[in-house]
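Worksheet for the structure shown next.
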Amino acid sequence: MTGPVSARLPVFPWDTLAEAKARAAAHRDGIVDLSVGTPVDDSPQVAQDALARAANAPGYPTVFGPVSLRQSVVDWLDRRFGITGVSPDQVLPTVGSKEFIGNLPAQLGLGPGDVVAFPTLAYPTYEVGARYARCEPVAADSTVAFGPAAPRLLYLNSPANPHGQVLGADHLRKTVQWCRERGTLLVSDECYLEFVWEGEATSVLHPDINGGSLEGILAVHSLSKRSNLAGYRDAFVVGDQSVIGELLALRKHLGFMLPAPVAAAMEAALGDDTHVDAQRERYARRRAVLRTALEKAGFEITHSQGSLYLWATRDEHCRETVAWLAERGILVAPGEFYGPAGARHVRVGFTATDERIEAAASRLV
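Under my numbering, think of the first position of the sequence shown as 1, with each following residue one higher.
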């Protein structure tokens, strides 16, 4: 037998937070867990109702999903972001976005000798997917770092996890052009696109960015954050039809199917903007409360223009900050989870309830 596949992967980051979590949980008023960023507010009623109506689903779903679901994605892109020129055949439902990102290099047939690139501060699953496929993971924030060479796959993330940076249109255009010139597949993780607090939400799918062609481009979206549907595991990828077609052909064999009731809930949620706007207002309030409290406590907030996190520093090693906050019953994610460049920051999520956010703020005074 070959060695275990898990040996290729780094230690699961959150396993290293056990001691800090126990310390925070011992607080007399209980833990305020701001480390993971999991939604806590109710899933929208429109999605729950659609799920219930579709609950009688004795037959197998399809990997491609119903046309009506894929059309709802097309309509959503147009309505919310002015993205035109996308067809339902360029949309592929996925069983959550983490599944897709973790499997993508392998499903594209990449392997030893192939470079998978991602930002120096990045969602860990970009690297995990590369290592799973035995690719070479490379962290770089500039295409200059590659010289005359080029990665086979390059990830962008805007608004970004962990630090909330929002990339401008010019940067996106230049990256699209660079990737096309070198035959690199550009994969833009846009799961937080409806949560931009400063600046403008821009997708690589927009014709102003890609010149009216999705060649060499994929964009990943999820309903976990926008619709509080993390437990449903519903997401989708949009882009280059040849790549979508190849992924579809493979995933049919592997059985990556979105359950029919979940697909119905996803379609309903994509068709309703009201619940997203209300959720955005909740997060804006929580963000303001937490940011004010952190700054009064001596933290500096960097980037944080978008996403559901504040990227905070006390100009010390992140594990010291984690311990300092844990003594106050607050659990956060150390910045080193997302790469060595994050060693002096912590990621503070504002997805907890209003009551827990207020509790955290009061403990920082």
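Ideal placement from N, C-alpha and C gives every residue a C-beta, glycine not left out.
_Within 8 Å, strictly: CB atoms of residue 346 and residue 335_ = The beta carbons of residue 346 and residue 335 sit closer together than 8 Å.
*Nearest to residue 90 by CA position, among 262, 241, 37, is which residue?*
Closest option to residue 90, Cα to Cα, is 241.
*Do residue 110 and residue 162 have their CB atoms nearer than 8 Å?*
Against a cut-off of 8 Å, the Cβ pair of residue 162 and residue 110 comes out as no contact.
*Taking Cβ positions, are residue 308 and residue 294 nearer each other than 8 Å?*
Taking 8 Å as the Cβ cut-off, residue 308 and residue 294 do not qualify as a contacting pair.
_Please classify residue 32 as buried or exposed, where buried requires at least 16 neighbouring CB atoms within 10 angstroms._
That one is buried.
*Ignore the nearest five residues each way along the sequence and tell me which others in residue 106's own chain have a CB closer than 8 Å to its CB.*
These residues qualify, in order along the chain: 129, 132, 133.
*asked:* What does the Cβ neighbour count give for residue 60, buried or exposed, with the cut at 16 atoms within 10 Å?
replied: Exposed, by the Cβ-count rule.
*With DSSP collapsed to three states, give me the class of residue 143.*
Of the three classes helix, strand and coil, the one that applies to residue 143 here is helix, per DSSP.
*asked:* Does residue 75 come out as helix, strand or coil in the three-state DSSP assignment?
replied: Judged by DSSP in its simplified three-state form, residue 75 adopts helix.
*Thinking residue 302 and residue 344 are a contact (beta carbons under 8 Å), I'd like their distance in whole angstroms, please.*
No, residue 302 and residue 344 are not in contact; Cβ-Cβ is about 10 Å, not under 8 Å.
*Any idea which residues DSSP pairs residue 347 with across the strands?*
Among the bridge pairs identified by DSSP, residue 347 is matched with 311, 333.
_Spatial neighbours of residue 298 within its chain, please: C-beta separation below 8 Å, excluding the five flanking residues on both sides._
Contacts found: 314.
*Give the secondary structure of residue 262 by DSSP, where H, G and I count as helix, E and B as strand, and everything else as coil.*
DSSP places residue 262 in helix when its eight states are reduced to three.
*Per-residue DSSP class, three states only, for residue 364*: Note: residue 364 maps to coil in three-state DSSP.
*asked:* Quick check: what's the CA-CA separation for residue 193 versus residue 224?
replied: Straight-line Cα distance between these residues: approximately 12 Å.
_Nearest by alpha-carbon distance to residue 275: which of 181, 123, 18, 45 is it?_
Measuring from the Cα of residue 275, the nearest candidate turns out to be 45.
*Are the beta-carbon atoms belonging to residue 329 and residue 363 less than 8 Å from one another?*
It is a contact, given that the beta carbons lie within the stated cut-off.
*Look at the alpha carbon of residue 108 and the alpha carbon of residue 206, and state the distance between them as a whole number of angstroms.*
Cα to Cα, residue 108 sits roughly 24 Å from residue 206.
*Would you list the residues sitting across from residue 235 in a DSSP beta bridge?*
94, 222.
*Do you know how far the Cα of residue 281 is from the Cα of residue 214?*
A straight-line Cα-Cα distance of about 32 Å links residue 214 and residue 281.
*Quick one: what's got a C-beta closer than 6 Å to residue 158's C-beta in the same chain, skipping five residues either side?*
For residue 158, where only same-chain residues beyond five positions count, the Cβ hits under 6 Å are 166, 167.
_Below 8 Å on the Cβ atoms is my contact criterion, and I expect residue 74 with residue 88 to pass it. Report the Cβ-Cβ distance as a whole number of Å._
Rounded, the Cβ-Cβ distance is 6 Å, consistent with contact.
*asked:* Runs of 4 residues minimum, wholly inside the stretch 30-72: which ones carry the alpha helix (DSSP H) assignment?
replied: Those alpha helix (DSSP H) runs which fall completely within the stretch 30-72 and span 4+ residues are 45-53.
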